[in-house]
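Asks:
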Amino acid sequence: MKQIWITKKGPPEVLAVREAPDPNANAGEVRIRVRAAGINFADLAARQGVYPDAPPVPCVVGYEVSGVIDQVGAGATGFAEGDRVFAMPKFGGYTDTLVVPVAQVQRMPAKMSFEEAAALPVV
Numbered sequence: 004m005k006q007i008w009i010t011k012k013g014p015p016e017v018l019a020v021r022e023a024p025d026p027n028a029n030a031g032e033v034r035i036r037v038r039a040a041g042i043n044f045a046d047l048a049a050r051q052g053v054y055p056d057a058p059p060v061p062c063v064v065g066y067e068v069s070g071v072i073d074q075v076g077a078g079a080t081g082f083a084e085g086d087r088v089f090a091m092p093k094f095g096g097y098t099d100t101l102v103v104p105v106a107q108v109q110r111m112p113a114k115m116s117f118e119e120a121a122a123l124p125v126v
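Read in order, the letters of the sequence shown are residues 4 to 126 in the numbering used here.
#1: Once DSSP output is grouped into helix, strand and coil, what is the label at E84?
#2: For V108, which residues in the same chain have their Cβ closer than 7 Å to its Cβ, ignoring the five residues on either side in sequence?
#3: So for L101, helix, strand or coil by DSSP?
#4: Quick one: any contact between the region 62-72 and the region 33-52, if contact means 3 or more CB pairs under 8 Å?
#5: In chain order, what residues of the same chain lie with their CB nearer than 6 Å to the CB of A19, ignoring the 5 residues before and after it?
#6: My understanding is that R50 touches K5, with C-beta atoms under 8 Å, so please give their C-beta distance in whole angstroms.
#7: My guess is that V60 and L101 are in contact by the Cβ rule of under 8 Å, so how many angstroms apart are they, rounded?
#8: Quick one: what does DSSP say V17 is sitting in, helix, strand or coil?
#9: According to the Cβ coordinates, are P112 and V103 closer than 7 Å?
#10: Just curious, the alpha helix (DSSP H) that D25 is in, first and last residue?
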């Protein structure tokens, strides 16, 4: 899978695309094939090194995503493969594939686009 990494603090040029193996959903988690990710103040501030809750660099940012569940971990009730969802992983969302606890996932409204849904978690 591809991920967008902050390689060091700074301007947009510090972002880099890197390859990583696809993760697997563990107990209580789902795996989402990301279709859209929001870009918000936390992501921009993290890249500049001024967001206090950001993970240390290098890291993958991305505070909110939307996509389709393609794997459900044991005990992750309420969701199934193929569900259209949005999630708030609190960083890690700039990726093709994301694993998150089900508590961070909501089903998308039927007529909503992936782009619109990716903006919902921070609203």
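We put the beta carbon where it would ideally sit given N, CA and C, even for glycine.
Replies: Taking the coordinates as given:
#1: In the structure shown, the three-state DSSP call for E84 is coil.
#2: Contacts found: V33, F82, V88 and A90.
#3: The DSSP-derived three-state label of L101 is strand.
#4: Yes, the region 62-72 touches the region 33-52.
#5: Apart from sequence neighbours up to five positions away, the residues of its chain that approach A19 with a beta-carbon distance below 6 Å are W8 and T10, ordered along the chain.
#6: R50 to K5, Cβ: 18 Å. No contact.
#7: Incorrect: roughly 19 Å between the Cβ atoms, too far for contact.
#8: V17 falls in the helix class under three-state DSSP.
#9: Taking 7 Å as the Cβ cut-off, P112 and V103 do not qualify as a contacting pair.
#10: First-last for D25: undefined, no H or E at that position.
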